[in-house]
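Chains as they are written, first to last, in our numbering: chain L, 774 to 1015; chain E, 618 to 888.
Written below as C-alpha cells is the structure these notes are about.
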Amino acid sequence: MAQDHIVKSFDDELAKLTQAIAQMGGLAEAQLEASIQALTRHDPEYAASIVKADKRIDELEYQVGNLAVRMLALRQPMASDLREVVAALKISSDLERIGDYATNIAKRAIALVEAPTISTLYVIPRMAQLVQTLIKDVLDAYVAHDADRAMAAWQRDEEVDAMYTSLFRELLTYMMEDPRNIGPCTHLMFIAKNIERMGDHATNVAELVYFLVHGHALDQTRPKGDTTNVVVAPRAQTSAHE
Amino acid sequence: MAAIETLVPPAKVAAAGAGSPVTVEARDVNVYYGEKQALKQVDLDVRRHEVTALIGPSGCGKSTFLRCINRMNDVIEGCRVTGRISLDGEDIYDSDLDVVALRARVGMVFQKPNPFPKSVYDNVAYGPRIHGMAANRGELDEIVANSLERAGLLKEVRDRLNDPGTGLSGGQQQRLCIARAIAVNPEVILMDEPCSALDPIATARIEELIDEIRANYTIVIVTHSMQQAARVSQRTAFFHLGELVEAGDTPEIFTSPRDRRTHGYITGRFG
C-alpha cells in the first residue's frame, strides 16, 4: 500500500512480517539448491548440514506466527491489512513445508551415497532448478504485490508436473529392468515427488499473492501436468502364468 | 424503480437487490446548516430488520444523516434539508406529516444515556402515556414490563421499578433508554454512538441487545468504532466530507472496500 498508516508502528510490524517471509523464502530456496548439490555430489556431510539448517526456517515460521497473532489481537487489521496478515501466516506454512521437503531430499541423498548412479539423475536437478525459479518468482511477486507475476509462475508449475510424470515412467522402467535399481529408484522417486510438491506449495503462494492483491480468491483451476496417478507399469515381457 | 437505480452511481446506492425490503429510502438528500453544506446528494437504502452502520470521521455527516430520518434536524436553526426521505414509501418531509407521530415510529437512542429524572417505570411509560397506547394501568404495566424485558433489563430492575432511572449504572441507563424507545413500538430505532460512554462489558450487552431486537426493528447506528460496526451491522455506509462514499454488505466493506477512501479510513491510513 502506497499510503502509510497513521500509527507508524503498524507499518513497521507489517514490514517485519514481509521481511520474515522474504527471509524464509530465501532460505527455503537455498535449502532446495543445496539438497540437490548434496545429491549430485554424493556428499553426506553437506547433506547433514542441510538437515540441521532446516531449524532456522522453522524458527522463522514460529516468529511469523507469533507476529501475525499479535497483530490480529492488538491491531485488529481490516481489509488489505487483514489479508496481509492472513496471507503471511499461510505463506509461512507453505515455505516451512518446502524446507521440510528439502530436508527430506538431503536425508535421501545420504542414503543414496553408496548407490549406483542412475542415468536419469540429470532430470532431477533440472526439475529442482525450475521449482527454485518458481519459488523465487512467487516471493518477488509477494514482496512487490504483483499478482500478474505470481500468476505467470502459477502457470509454469505445469512444466514441473510434466517433468515429474516423465521421470516417474522412466524410473519405473529402470526398476523393472533390474530389481537392484528398486532401492535407489524409489529414493529418486520420492525426491522427484518432493520437488513436485514444492512446486505445488509455490503455486499456493502465488494464489495467496493473488488474494492479497485482489481481495478475493482466484477462481480458476490450475492446469495440472502430473498424470502419475494414471500411470501403470509397462506390461512385463514374460509373466509367471504364460 | 429500475430507471431510478440506473441514474445513480452504483457505489453510492445500497440498492435493495435481494434481501429484506427497504424501510427507509433516501434519495438525493442535501443538508445545509446555513451556508455550509453538511450532506451532499446522499442516496441510501436502509433495509427492514437489518442493522445499518454509518461510519466516517468526525464531521463527515453521518450523524446529520441519522437525524434526518426522524427530522431531528428541524429543531436546529438554519438547517435545511432537500431531497426525499421516505419511510415505508411515505415522504417524511411532507408538510402534512405529523412529526410527533413520525418520532414514535422512528425512535432514537443517544450517545450519553439520558433517562428522564423519573422512576424506571415512568421512563418507559412516558411514551405510551403521551401516545395513549394503554387503556388502563394493567395494559401500561404490561407494556413497561415487555419493553424492559426486550431491552434485557427487566431481571435487573424488577424490584427497582420505582427507583429513579438515573440511579442505574451507565449500561443499565442506556438499556433503559432503549426500553423507552421500544415502548412506543417504533419501526426504526436510530442510535447515535450508543456505546461510546460505556465500558466494554456494558458495550457487549448493548451489542447483543441490538442483535436480538433487530428481528423486530430496523436499526441505524452511528459509531466511531469500526469493530463495533463490523460486529453489529449487516450493512455499512461510509461517509466522508458530507458524501456517502460507499455502502454495502458489512463483510464486503471491511474485507474488500471498493473505494480508496473507504479503504484508507477502515485501515487507519486516512490522510
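Glycine included, every Cβ here is placed at the ideal spot set by N, Cα and C.
It should be emphasised that the depicted structure is a prediction, and the values quoted were computed from it without experimental measurement.
Beta-carbon gap between residue i and residue j smaller than 9 angstroms
| i | j | result |
| --- | --- | --- |
| valine 862 (chain E) | glycine 673 (chain E) | yes |
| leucine 671 (chain E) | valine 839 (chain E) | yes |
| leucine 945 (chain L) | aspartate 854 (chain L) | no |
| leucine 714 (chain E) | valine 805 (chain E) | no |
| proline 996 (chain L) | glutamine 902 (chain L) | no |
| arginine 852 (chain E) | alanine 864 (chain E) | yes |
| leucine 940 (chain L) | leucine 961 (chain L) | yes |
| valine 648 (chain E) | aspartate 662 (chain E) | no |
| valine 748 (chain L) | alanine 923 (chain L) | Residue 748 (chain L) falls outside the range modelled here, since chain L spans only 774 to 1015, and no answer is possible. |
| serine 808 (chain L) | alanine 820 (chain L) | yes |
| isoleucine 823 (chain E) | cysteine 812 (chain E) | yes |
| proline 730 (chain E) | alanine 814 (chain E) | yes |
| threonine 1001 (chain L) | tyrosine 947 (chain L) | no |
Classification of residue i by the beta-carbon crowding that lies within 10 angstroms, buried from 16 upward
| i | result |
| --- | --- |
| lysine 880 (chain L) | buried |
| lysine 825 (chain L) | exposed |
| leucine 753 (chain E) | Residue identity check: residue 753 (chain E) is asparagine in the sequence provided, not leucine. The residue is exposed, with fewer than 16 neighbouring Cβ atoms inside 10 Å. |
| tyrosine 895 (chain L) | exposed |
| phenylalanine 706 (chain E) | Contrary to the premise, residue 706 (chain E) reads as glycine rather than phenylalanine in this sequence. The residue is exposed, with fewer than 16 neighbouring Cβ atoms inside 10 Å. |
| asparagine 687 (chain E) | buried |
| alanine 860 (chain L) | buried |
| lysine 781 (chain L) | exposed |
| glutamine 776 (chain L) | exposed |
| threonine 959 (chain L) | exposed |
| valine 692 (chain E) | exposed |
| threonine 879 (chain E) | buried |
| isoleucine 964 (chain L) | buried |
| leucine 624 (chain E) | With a pLDDT of 38 at leucine 624 (chain E), under the threshold of 50, the modelled position of that residue is not reliable, and the figure given next carries that caveat. Leucine 624 (chain E) should be labelled exposed. |
| serine 712 (chain E) | exposed |
| valine 630 (chain E) | Here the model assigns valine 630 (chain E) a pLDDT of 44, short of 50, so the residue's position is not dependable, and the following value carries that caveat. Answer is buried; the Cβ neighbour count reaches 16. |
| aspartate 708 (chain E) | exposed |
| threonine 890 (chain L) | exposed |
| threonine 876 (chain L) | buried |
| aspartate 999 (chain L) | buried |
| valine 717 (chain E) | exposed |
| glutamine 905 (chain L) | buried |
| isoleucine 747 (chain E) | exposed |
| threonine 994 (chain L) | exposed |
| glutamate 667 (chain E) | buried |
| threonine 1011 (chain L) | Here threonine 1011 (chain L) scores only 47 on pLDDT, less than 50, and its place in the model is too uncertain to base an answer on. |
| alanine 1013 (chain L) | Low confidence applies to alanine 1013 (chain L): its pLDDT is 44, below 50, so where it sits in the model is not reliable enough to give any reading. |
| arginine 886 (chain E) | buried |
| arginine 697 (chain E) | exposed |
| serine 680 (chain E) | buried |
| valine 837 (chain L) | buried |
| serine 675 (chain E) | exposed |
Selected residue, minimal CA-CA separation from residue i, among the options
| i | options | result |
| --- | --- | --- |
| valine 761 (chain E) | E:Gln658, E:Ala798, E:Ser637 | E:Ala798 |
| alanine 854 (chain E) | E:Ile827, E:Gly695, E:Ile883, E:Tyr834 | E:Ile883 |
| methionine 750 (chain E) | E:Ala800, E:Leu785, E:Asp776, E:Gly695 | E:Ala800 |
| threonine 669 (chain E) | E:Arg746, E:Leu858, E:Tyr834 | E:Tyr834 |
| glycine 872 (chain L) | L:Thr1001, L:His974, L:Gln993 | L:His974 |
| methionine 971 (chain L) | L:Ile779, L:Phe783, L:Ile794, L:Gly798 | L:Gly798 |
| glutamine 790 (chain E) | E:Asn802, E:Leu807, E:Arg697, E:Gly769 | E:Gly769 |
| valine 659 (chain E) | E:Gly859, E:Ser873, E:Asp876 | E:Gly859 |
| glutamine 796 (chain L) | L:Glu834, L:Met962, L:Glu818, L:Ile779 | L:Glu834 |
| glutamate 857 (chain L) | L:Glu818, L:Thr1001, L:Lys789 | L:Lys789 |
| valine 1003 (chain L) | L:Phe783, L:Asn977, L:Phe984, L:Arg942 | L:Arg942 |
| valine 978 (chain L) | L:Gly956, L:Ala920, L:Glu950 | L:Ala920 |
| leucine 840 (chain L) | L:Thr791, L:Met851, L:Leu800 | L:Thr791 |
| phenylalanine 682 (chain E) | E:Ile702, E:Asn763, E:Glu694 | E:Ile702 |
| isoleucine 897 (chain L) | L:Glu969, L:Asp785, L:Arg870, L:His918 | L:Glu969 |
| aspartate 828 (chain E) | E:Pro817, E:Val849, E:Lys772 | E:Val849 |
| isoleucine 818 (chain E) | E:Gly788, E:Ser637, E:Gly744, E:Gly784 | E:Gly788 |
| alanine 852 (chain L) | E:Gly881, E:Glu756, E:Phe871 | E:Phe871 |
| alanine 721 (chain E) | E:Leu807, E:Leu826, E:Gly676, E:Asn690 | E:Leu807 |
| tyrosine 915 (chain L) | L:Met900, L:Asn967, L:Ile794 | L:Ile794 |
### Task
Could you say if the region 985-1002 of chain L and the region 866-886 of chain L meet the contact criterion of at least three C-beta pairs nearer than 8 angstroms?
Short answer: they don't touch.
### Query
Do the region 784-794 of chain E and the region 719-731 of chain E touch if we need at least three Cβ pairs shorter than 8 angstroms?
The region 784-794 of chain E is in contact with the region 719-731 of chain E.
### Message
Tell me whether the region 920-937 of chain L and the region 859-875 of chain L touch, counting them as touching only if at least three CB pairs, one residue from each stretch, are closer than 8 angstroms.
### Response
Contact between the region 920-937 of chain L and the region 859-875 of chain L is absent, because fewer than three Cβ pairs lie under 8 angstroms.
### Query
For the region 773-783 of chain E against the region 730-742 of chain E, are there 3 or more C-beta pairs whose distance is under 8 angstroms?
The region 773-783 of chain E vs the region 730-742 of chain E: in contact.
### Query
With a cut-off of 8 angstroms, do at least 3 Cβ pairs link the region 839-857 of chain E to the region 803-820 of chain L?
Between the region 839-857 of chain E and the region 803-820 of chain L there are fewer than three C-beta pairs closer than 8 angstroms, too few to call the two in contact.
#### Entry: Three-pair Cβ contact test at 8 angstroms for the region 911-920 of chain L versus the region 842-850 of chain L
Because the criterion of three Cβ pairs below 8 angstroms is not met, the region 911-920 of chain L and the region 842-850 of chain L do not touch.
### Task
Evaluate the contact criterion for the region 826-833 of chain L versus the region 795-809 of chain L: three or more CB pairs, one atom per stretch, below 8 angstroms.
At 8 angstroms Cβ cutoff, the stretches touch.
### Task
Could you please tell me which residues of the region 843-864 of chain L, in chain order, have their CB closer than 9 angstroms to any CB of chain E?
Answer set for the region 843-864 of chain L: Arg848, Gln849, Pro850, Met851, Ala852, Ser853, Asp854, Leu855, Arg856.
### Message
Can you pull out the residues from the region 837-851 of chain E whose beta carbon lies closer than 9 angstroms to at least one beta carbon of chain L?
### Response
Residues passing the 9 angstroms Cβ filter: Met843, Gln844, Ala847.
### Task
Note down, in chain order, all residues in the region 861-873 of chain E with a beta-carbon under 9 angstroms from any beta-carbon belonging to chain L.
Those residues of the region 861-873 of chain E that come within reach of chain L (Cβ to Cβ, closer than 9 angstroms) are Ile870, Phe871, Thr872, Ser873.
### Message
Taking beta-carbon pairs under 9 angstroms, can you tell me which members of the region 717-737 of chain E lie near chain L?
### Response
Answer in chain order: no residues at all.
### Query
Taking Cβ-Cβ distances below 7 angstroms as the criterion, which residues of the region 968-1002 of chain L are in contact with chain E?
Flagged, chain order: Gly988, His989.
### Query
Between the region 875-886 of chain E and chain L, which residues of the former have CB atoms less than 7 angstroms from a CB of the latter, in chain order?
If the cut-off is 7 angstroms between Cβ atoms, the region 875-886 of chain E has His880, Gly881, Ile883, Thr884, Gly885, Arg886 near chain L.
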